[in-house]
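Report on one structure; see the data block that follows.
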Amino acid sequence: EAGVAQSPRYKIIEKRQSVAFWCNPISGHATLYWYQQILGQGPKLLIQFQNNGVVDDSQLPKDRFSAERLKGVDSTLKIQPAKLEDSAVYLCASSLIPGVSPYNEQFFGPGTRLTVL
Amino acid sequence: DAKTTQPTSMDCAEGRAANLPCNHSTISGNEYVYWYRQIHSQGPQYIIHGLKNNETNEMASLIITEDRKSSTLILPHATLRDTAVYYCIVRVAGNYGQNFVFGPGTRLSALP
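For the protein sequence lines, the chains are A and B, in the order given. Positions in the first sequence are counted from 1; adding 183 to them yields the working numbering. Positions in the second sequence are counted from 1; adding 6 to them yields the working numbering.
The structure is reproduced here in structure tokens:
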């Protein structure tokens, strides 16, 4: 079974530039998550999609971050403009529809490491 | 904020059992205990979960105290490949209105 795919794996940009990350979840997984992981900390949820609808984006800095999942499959996360404090690993995860899976296990991709200079 | 507290780091000898503690004194009756681990440069990986009974799978065992205020993840025979950050999380199963909240976890170092 193919896992969660993310690209690029690494990205270096200067502050005020824009950047986009791509995620392809496991086939059949309706729920998709984007997390931000700052060095030395645990992952923090940014946004959760159920199919192509947003379930929770309460921790997404909406003035600069945006995400979409237009066809309910793959997703993109964008930062525009980037700040120094956005340097982090951005993780994508997917899971079966909550309530169907008894424990809602999340499967994580390898992440994209963003460095903002 | 995370509802769990874990030691910052632990060492264990290769081949010996690794016992990782987690305190969750405010856990609710319908909240499960989940364990994930994150190996360097990879995304977190599910290990095990439980409600009130002890659980075992091919990766680990989970021991939950009778009052459910704490638990221990046991890796029976630690290897160098078990070196990772281990996260203990509590949440209601199957409720997508309540998501995983990761704390800083425990950094486990398996030593030769």
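In this text, a Cβ means the ideal position worked out from N, Cα and C, and glycines have one as well. Keep in mind the model is a prediction, meaning the values are calculated, not measured.
Chain-ordered neighbours of residue 239(A) on chain C, where CB pairs are closer than 7 Å: The chain labelled as chain C is not found among the protein chains of the depicted structure, namely A and B.
Limits of the beta strand (DSSP E) - the one that residue 27(B) falls within: Per DSSP, the continuous beta strand (DSSP E) segment holding residue 27(B) begins and ends at 24 to 29.
Neighbourhood of residue 267(A) by C-beta, 7 Å cutoff - its chain only, sequence neighbours within 5 removed: Excluding sequence neighbours, residue 267(A) sits near 198, 299.
Any beta strand (DSSP E) of 3 or more consecutive residues that is wholly inside the segment 205 to 249 of chain A: List check, beta strand (DSSP E) in window: 214 to 220, 227 to 233, 236 to 239.
Rounded C-alpha distance that separates residue 28(B) from residue 108(B): If you take the alpha carbons of residue 28(B) and residue 108(B), they lie about 13 Å apart.
Sequence-distant residues of the same chain with beta carbon closer than 8 Å to residue 256(A), five excluded per side: In chain order, 207, 208 place their CB closer than 8 Å to the CB of residue 256(A), counting only its own chain and leaving out the 5 sequence neighbours on each side.
CB contact below 8 Å: residue 35(B) versus chain A: Not an interface residue.
C-alpha distance - residue 76(B) paired with residue 70(B), whole-angstrom precision: In a straight line, the C-alpha of residue 76(B) is about 6 Å away from that of residue 70(B).
Sequence-distant residues of its chain with Cβ nearer than 8 Å to residue 253(A) (five each side left out): Excluding residues within five positions, the ones whose Cβ falls inside 8 Å are 235.
Contacts that residue 50(B) makes with chain A (C-beta to C-beta distance below 7 Å): Ordered by position in chain A, the residues that pass the 7 Å Cβ test against residue 50(B) are 226, 291.
Residues near residue 243(A) by beta carbon distance below 6 Å, same chain, minus five either side: Counting only Cβ-Cβ distances below 6 Å, and skipping sequence neighbours, we find 229, 230.
Any C-beta of chain B under 8 Å from that of residue 288(A): Closer than 8 Å: yes.
Beta-bridge partners of residue 291(A), as assigned by DSSP: Partner(s): 276(A).
Buried or exposed (CB count within 10 angstroms, at least 16 for buried), residue 222(A): Note on residue 222(A): under 16 other CB atoms within 10 angstroms of its CB, so exposed under the neighbour-count rule.
Residue 229(A) CB to nearest heavy atom of the ligand PLP below 7 Å: Ligands in the displayed structure: none, and consequently the ligand PLP is not present.
Contact with chain A by residue 13(B), beta-carbon distance below 8 Å: The Cβ of residue 13(B) sits no closer than 8 Å to any Cβ of chain A.
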